[in-house]
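Each residue of the sequence shown is one higher than the one before, counting from 3 in our numbering. Ideal placement from N, C-alpha and C gives every residue a C-beta, glycine not left out.
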Amino acid sequence: MTASISGRSAAWSTRALLGAFLRMPLLTAGVVFRIHWQALKLWIKGVPFVGAAGKLLDRLLGEIGIQRREVYIANVLKCRPPENRNPLPHEIESCSPYLKRQLATLQPRIICCLGKFAAELLVGAKGTIAGMRGTVYRYGDSKLIVTYHPAACLR
């Protein structure tokens, strides 16, 4: 597997990527936030949502009385698409079994999908975020809600 960090290409073994993924803290507060890929460098460090989007996420969580350390953040993809492009359908399909195992293990009460790719995968239907918001869906025994990705709110 090849990934790009700061414009340089680096070869990553599956074991190295899984090791980096597993270093992320497992927090089970009953809420799981789903996002699509942010940046490989931050993912390897286990720090999703940094910068302006991270600050916005922290503020929004704080407004409902939750701290970031109380939620588990999982990505739709387990590797970064070239040039940080949107994931292709076959890439989402390839990674979905891993995500579904994570969710089965966590058994969250609430799943909040941040963005279109997470929402379409877990809701099981195509649509816009605007059209999906405001509805409480079911994913297994979990309640699932959909909202915008914090980076989209900053555009």
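Buried versus exposed, by CB contacts within 10 Å (16 or more), residue i
| i | result |
| --- | --- |
| K118 | buried |
| E95 | exposed |
| I75 | buried |
| N86 | exposed |
| V73 | buried |
| L66 | The identity of residue 66 in the sequence shown is Ile, whereas the question assumes Leu. Exposed: under 16 other Cβ atoms inside 10 Å. |
| W39 | Note that W39 has pLDDT 48, beneath the 50 cutoff, so the model's placement of it is unreliable and no number is given. |
| P99 | exposed |
8 Å contact criterion, which residue i and residue j should meet: CB distance rounded
| i | j | result |
| --- | --- | --- |
| P83 | E93 | 6 Å |
| L156 | L58 | 6 Å |
Close beta carbons around residue i, own chain, < 6 Å, minus the five adjacent residues each side
| i | result |
| --- | --- |
| E159 | This structure does not reach residue 159, given that the chain is present from 3 up to 157, and the question cannot be answered. |
| C115 | R36, A121, L124 and V148 |
| Y139 | V125 and L146 |
| L28 | For L28, the predicted model reports a pLDDT of 37, less than 50, meaning its position is unreliable; a value from the coordinates is still stated below. Cβ within range, chain order: n/a, list empty. |
Sequence-distant residues of the same chain with beta carbon closer than 7 Å to residue i, five excluded per side
| i | result |
| --- | --- |
| D60 | R70 |
If you pair each beta-carbon of the region 93 to 113 with each one of the region 135 to 146, do three or more pairs fall below 8 Å?
-> yes
Enumerated in chain order, which unbroken segments of the beta strand (DSSP E) with a length of 3 residues or greater are wholly contained in the region 38 to 97?
-> 74 to 77
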